[in-house]
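Residue numbers (this note's numbering): 16 to 183.
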């Protein structure tokens, strides 16, 4: 199964694509969509078009995005939410349900600690995807989201199989 993870941001929207098979993860690609233009609407459109091209090229089977946390800067949170909407809209447009994960849940899944530093996340992404060349911290975070989604999907599959056996 091909999974795309996304780390939304208005200036830089990180993305990472992995292949997940039972007991194995493999890096496919990663990168950063950088917004262009001065007007907010134009910047959002540029993110939409760039992310759409990523989906067209890599054709993921599943998608996941990092949830937005609310901080003291309400205007900044709102802008981040608008970029996050792009990360939800593009996969929805191709018929994918989007998994959503809090930043601490992603870190706990990938690193083992919910308050891990970015450097720790990058290190563990490199450990779980040997040979990966990271396009930057935003792409590393996006790959971490994809890894988290793969683990959650695998766990859900095991639970569904166990429930099916119990009912049979």
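Every residue gets a Cβ at the ideal spot worked out from N, C-alpha and C, and that includes glycine. Computed from a prediction, not measured in an experiment: that's the story for all the values here.
**Asked** Excluding the five sequence neighbours on either side, which residues of its own chain have a C-beta within less than 8 angstroms of the C-beta of residue 96, listed in chain order?
**Response** By 1-based counting over the chain shown, the position of residue 96 is 81. Around residue 96: 83.
**Asked** Expressed to the nearest angstrom, what Euclidean distance is found between the alpha-carbon atoms of residue 80 and residue 164?
**Response** What you label residue 80 is simply residue 65 of the chain shown in a count that begins at 1. What you label residue 164 is simply residue 149 of the chain shown in a count that begins at 1. In this structure, the alpha-carbon of residue 80 lies about 9 angstroms from that of residue 164.
**Prompt:** Who are the near neighbours of residue 135 in its chain, counting only those whose CB is closer than 6 angstroms to its CB and skipping five residues on each side?
**Reply:** Position 120 of the chain shown, counted from the start, is the residue given in the question as residue 135. Cβ within range, chain order: 126.
**DSSP three-state assignment for residue 151, whether helix, strand or coil** = In the chain shown, counting from the first residue as 1, residue 151 sits at position 136. Note: residue 151 maps to coil in three-state DSSP.
**Prompt:** Which value, in whole angstroms, describes the spacing of the CA atoms of residue 74 and residue 51?
**Reply:** Looking up residue 74 in the chain shown gives position 59. Looking up residue 51 in the chain shown gives position 36. Those two C-alpha atoms are separated by around 24 angstroms.
**Request:** Would you mind working out which of 17, 31, 18 sits nearest residue 154, comparing C-alpha positions?
**Result:** Here residue 154 is taken as the residue at index 139 of the chain shown, counted from 1. Measuring from the Cα of residue 154, the nearest candidate turns out to be 31.
**Item:** Pairwise C-alpha distance: residue 156 and residue 132
**Value:** Mapped onto the chain shown, residue 132 falls at position 117. Mapped onto the chain shown, residue 156 falls at position 141. Taking the straight line from one Cα to the other gives about 11 angstroms.
**Message:** Check this for me: beta carbons of residue 41 and residue 28, under 8 angstroms apart or not?
**Reply:** The residue given as residue 41 occupies position 26 in the chain shown. The residue given as residue 28 occupies position 13 in the chain shown. No, the pair does not count as a contact, with Cβ atoms beyond the cut-off.
**Item:** Candidates 161, 64, 99: closest to residue 20 by CA position
**Value:** Working through the chain shown from its first residue, we reach residue 20 at position 5. Ranking the options by Cα distance to residue 20, first place goes to 161.
**Message:** Classify residue 139: buried if its beta carbon has 16 or more other beta carbons within 10 angstroms, exposed otherwise.
**Reply:** Looking up residue 139 in the chain shown gives position 124. It is buried - the Cβ of residue 139 has at least 16 other Cβ atoms within 10 Å.
**Prompt:** Hey, would you say the C-beta of residue 160 is under 7 angstroms away from at least one heavy atom of the ligand NAP?
**Reply:** Questions concerning the ligand NAP fall outside what the structure shown contains, since it holds no ligand whatsoever.
**Message:** What does the alpha-carbon distance come out to for the pair residue 143 and residue 119?
**Reply:** As a first step, residue 143 is located in the chain shown; it is residue number 128 there, counting from the start. As a first step, residue 119 is located in the chain shown; it is residue number 104 there, counting from the start. Roughly 18 angstroms separates the two Cα atoms.
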